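S.K.: Pasting a structure below so you can have a look.
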Amino acid sequence: MSKIVDAVSIVMTCGDEIFAIQRQFFLNAFPGYWAFPGGKVEPSDFFVHSHTMVKELDLRLLGAVQREGYEELGVDLYQEIEKGTVTSISYLGLAITPDFNPYRFSTHFFRVNLSQKISFKVDYNEARIAEWTSAKCLLESYNLGEILAVPPVIKVIQEFGNNPDIKHINELNLSYDEKNQVPVIESIRGIRQIMPLSNTLPPATRTNAFVIGDDIKVLIDPSPKDDEEYRKFKNTISSFGIHKILITHHHPDHYERSNILANDLNIPVLLSPYTHERILRRNQDYFHGIEIDLIKEGDVVARWVGDDVLVMEVPGHDEGQVALYPRSLKWFLAGDLFQGIGTVVIGGDEGDMTKYFESLERIIQLSPAVIFPSHGIGLGGTTILEKNLKHRKEREDQVLSFYLEGLSPEEMLSKIYHDVDRKLWPYALENIHKHLEKLRKENRI
């Protein structure tokens, strides 16, 4: 069980307006997420004030509100109380990070209501956008799929959008029945991210399945690891009304037990011709009794918030891999083109480093607002793809340099991946071979 750290989140309000920020795309933690100012509670935090509005509140947590407000917004809560600018402080509620997350926080949400809007001194090294806006407008942006946020923040946006006078929110936690369900989050409206345990490569332990679609619901990459996880998974999706299953590519941690589910629900499976052929090569009876719909670049597979959801062919990690995105490019389901947990393997007869570079470059050029990996959470912007591509190019330069020195791929392995778990070296060696293959194609070696 990971340690749970206390934190605070400061919801500044004035009338029906609320102060919200969008985090910078280049940040390592929650890039592009909408949030409220706040941070971890420090041991020295304590608030000293005798005003009646704070007498029922936890002064340790309020001390963190005071400090974080000053550090992030340049506002002194003590002075604003003295001046009468702060009309009330309410404890909105508590959100505890679910136990499947390796980093856990007990985040205490406070509402600080003001008699007039303050022009805060925002740190734009962290905030991409920082603005006063009506709670109703913020909710409308969420409903249009324009806001990426963690579930408790979404809950605050929804509650304030419906009732700007709210002072307490009963349930901010993401709750689920862990004995009978798998976790589900909806960090963008209409993109349900379901997280079953799967037979994937470490350090990842789960493969994201997604449910999208306004009327016709498409389930993407269901792959629970065993019969028990399948039971929980099926319980979880039972209320969604699934009409189709879509498999992004042929690696088992993206489709395991999808045939059982398709038969149980009597629904078709969508996948690329290459993925279909590769799965049948492994098990020719896998899709017995199941309707198959072969998909290709440009096909429309669903509607999301009234927008067409299109197929894009993204080879490199796997020749038959497809990605999905709406015409608005408000999000992009990138599959295994990058990982929020671990790193992508380019190997086997389906891996192609040249095509992998091209797929990354193509998505970066499109510049979707949010990208979702198959392992990990959604991320704002394409910074992670840009970093990934830069890293791969640097790795290729290393491989080229060692090759020119006369080193074998096995000798390169110990030099390049010396800090990687040796259990993963076979996969790292495949990456080296694919870099060498690309260099030969380009006549650089």
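In this text, residue positions in the sequence shown follow the numbering used here: the first is 1412, and each later residue adds one. Think of the CB as a built atom: it goes at the ideal place given N, C-alpha and C, for glycine as much as any other residue. These figures come from a predicted structure and were not determined experimentally.
1. For alanine 1839, count neighbouring C-beta atoms within 10 Å of its own C-beta (all shown protein chains included) and say buried if the count is 16 or more, exposed if not.
2. With burial defined as no fewer than 16 other Cβ atoms inside 10 Å of the residue's Cβ, what is the status of proline 1446: buried or exposed?
3. Classify glycine 1485: buried if its beta carbon has 16 or more other beta carbons within 10 angstroms, exposed otherwise.
4. Would you identify the three-state DSSP class for valine 1595, choosing helix, strand or coil?
5. How long is the line joining the alpha carbons of leucine 1790 and isoleucine 1421, rounded to whole angstroms?
6. Do you know offhand how far methionine 1464's Cα is from histidine 1728's?
7. Mind pulling the beta strand (DSSP E) runs of 3 or more residues that sit fully within the region 1627-1653?
8. Which of helix, strand or coil does DSSP assign to glutamate 1724?
9. So which of Phe1457, Phe1768, Glu1772 and Pro1784 has the shortest CA-CA distance to arginine 1806?
10. Name the residue from Glu1797, Glu1772 and Ile1648 whose alpha carbon lies nearest to the alpha carbon of proline 1633.
11. From what residue to what residue does the alpha helix (DSSP H) around glutamate 1542 run?
12. As an exercise, report each continuous beta strand (DSSP E) stretch of at least 3 residues that is fully enclosed by the region 1781-1805, in chain order.
13. Whole alpha helix (DSSP H) runs in the region 1643-1708 with 4 or more residues, listed along the chain?
14. Pull the bridge partners of histidine 1519 from the DSSP assignment, please.
15. Relative to the C-alpha of serine 1563, which residue among Asn1584, Tyr1489 and Asn1591 is closest?
16. Specify, as a first and last residue, the run of the beta strand (DSSP E) that valine 1712 falls within.
17. If you run the structure through DSSP and keep just helix, strand and coil, what is cysteine 1737?
18. For lysine 1414, count neighbouring Cβ atoms within 10 angstroms of its own Cβ and tell me buried if that reaches 16, exposed if not.
19. Taking proline 1575 as the reference, which of Ser1455, Leu1796 and Ile1429 has the closest Cα?
20. Using a 10 Å radius around the Cβ and a threshold of 16 neighbouring Cβ atoms, would you call asparagine 1842 buried or exposed?
21. Would you kindly report the start and end of the unbroken beta strand (DSSP E) that includes alanine 1745?
22. Express the C-alpha separation of glycine 1572 and leucine 1550 in angstroms, rounding to a whole number.
23. Less than 8 Å between the C-beta atoms of isoleucine 1775 and methionine 1764, yes or no?
24. Could you compute how far the alpha carbon of leucine 1488 sits from the alpha carbon of leucine 1438?
25. For arginine 1773, does the count of other Cβ atoms within 10 angstroms reach 16, so buried, or fall short, so exposed?
26. Bridge partners of serine 1499, per DSSP?
M.R.: For this structure:
1. buried
2. The sequence shown places alanine at residue 1446, rather than the proline named in the question. By the 10 Å Cβ count, alanine 1446 comes out buried.
3. exposed
4. The answer is strand: DSSP assigns valine 1595 an E or B state.
5. 23 Å
6. 57 Å
7. As far as the region 1627-1653 is concerned, its whole beta strand (DSSP E) runs of at least 3 residues are 1628-1631.
8. Three-state result, glutamate 1724: strand.
9. Selected option, being the one with the closest Cα: Phe1768.
10. Ile1648
11. Run containing glutamate 1542: none in the alpha helix (DSSP H); it sits in the beta strand (DSSP E), 1538-1545.
12. 1781-1784
13. Taking 4 residues as the shortest admissible run, the region 1643-1708 contains the following complete alpha helix (DSSP H) segments, listed from N- to C-terminal end: 1669-1676 and 1684-1693.
14. Val1419 and Leu1505
15. Before going further, note that residue 1563 is proline rather than serine in the sequence given. The closest CA to that of proline 1563, considering only Asn1584, Tyr1489 and Asn1591, is found on Asn1584.
16. 1711-1715
17. The identity of residue 1737 in the sequence shown is proline, whereas the question assumes cysteine. It is a strand residue.
18. exposed
19. Ile1429
20. buried
21. 1743-1746
22. 5 Å
23. no
24. 27 Å
25. So arginine 1773 ends up on the exposed side.
26. Asn1524
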